[in-house]
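Q: The opening residue of the sequence shown carries number 389 in my numbering; numbering runs sequentially from there.
A virtual CB, placed ideally from N, CA and C, is assigned to each residue, including glycine.
Bear in mind that the values here come from a model prediction, so they are computed numbers and not experimental data.
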Amino acid sequence: MTIHYTRTGRGKPLLLVHGLGATCGSWNTILSALSQVREVIAVDLPGHGQTPEEADSGTFDGLARSLHDWLGAENLSGIDMVGSSLGARLVLEMARRGHAGAVVALDPGGFWQGWERTFFKATLTPSVALVRALRPMLSAITGNVAGRTVLLAQLSARPWALDPAFVARELKSLADTPTVNSLVKDLANGAMQEGPAKTAAPVVIGWGRKDRLCLPQQADRAMKAFPEATLHWFERSGHFPMWDQPEETVRVILDATSISGLK
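#1: What number of angstroms, rounded off, separates the C-alpha of GLY489 from the C-alpha of HIS627?
#2: Alpha carbon to alpha carbon, how far is GLN501 from PHE507?
#3: Beta-carbon within less than 6 Å of ALA510's beta-carbon, same chain only, minus the 5 sequence neighbours each way: which residues are those?
#4: By alpha-carbon positions, which one of ASN569, THR587, ARG398, ALA563 ends up nearest to LEU480?
#5: How many Å lie between LEU451 and ALA461 at the Cα?
#6: Output yes or no for whether 7 Å exceeds the beta carbon distance between VAL591 and PHE614.
#7: Using C-beta distances below 6 Å, list every residue in its chain close to GLY407, excluding the 5 sequence neighbours before and after it, in chain order.
#8: Hey, quick one: how far does the beta strand (DSSP E) through TRP503 stretch, first residue to last?
#9: Figure out for me which residue from HIS456, VAL470, MET389, PRO434 has the closest Cα to the Cα of VAL638.
#10: Taking 6 Å as the limit between beta carbons, can you name the residues of its chain near ARG505, skipping five residues before and five after?
Here you go:
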């Protein structure tokens with residue numbers, strides 16, 4: 389299959405996997421810093437950005453299959469990986485399958501139980517519908533501090549501080565992703581993510597203390613599934629540490645993957 393990706397920087401390769409409704413551009417807040425010391429490969433998942441969807445791209449299992457197949461086709465099995473949200477769950481799944489090097493999973497989905505499943509679906513589905521309805525006006529709305537704060541209240545601990553153009557691009561991407569609703573349904577109703585990782589390299593699970601989508605109590609379940617992992621709390625971050633605490637996120641990534649690079 390064909391997956392669109394960008395490649396920048398020099399050094400040991402590092403794969404970045406974005407979250408639901410996003411693109412490789414979601415990493416722009418930390419891309420420059422990472423590419424100073426690593427060759428950074430950032431993908432658009434199937435059905436997102438410039439990568440066309442496949443028949444099963446509206447499911448987690450379908451995205452995992454696509455990523456697994458692409459890693460093999462590109463001879464990238466065993467590469468160090470960083471994922472965000474849905475992408476964080478995908479890199480954990482690649483580690484579980486034994487196809488990842490060092491892994492950093494930022495606020496991964498897939499560890500909700502009971503009412504948390506309903507909360508995830510019931511809050512995210514209307515948010516997607518609202519963003520789609522507002523799409524023609526998103527640039528103007530996100531140019532306003534109050535507008536950014538309202539639209540990103542569930543995802544960022546400091547939405548007012550984010551670059552307006554960046555926020556507009558992220559929200560337009562969410563609105564334009566055709567598989568979002570089917571993925572939300574599949575993720576809310578599907579099985580919990582399983583572990584453990586089949587890798588000798590480090591696994592770090594990062595979680596924002598102020599995450600209002602994948603709630604912080606889910607970190608305990610993630611650690612039970614991946615007991616070999618190290619848990620890192622981003623104290624002042626929401627769902628996206630690379631947005632809210634970019635410098636700390638870069639340090640966590642480079643610390644985890646540099647250990648792998650010495651082996």
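A: In this structure, then:
#1: 24 Å
#2: 10 Å
#3: Counting only Cβ-Cβ distances below 6 Å, and skipping sequence neighbours, we find nothing.
#4: THR587
#5: 15 Å
#6: yes
#7: SER472, SER473, LEU474, GLY475
#8: Not the beta strand (DSSP E): TRP503 falls in the alpha helix (DSSP H), residues 503-521.
#9: VAL470
#10: The answer, listed in chain order, is ALA576.
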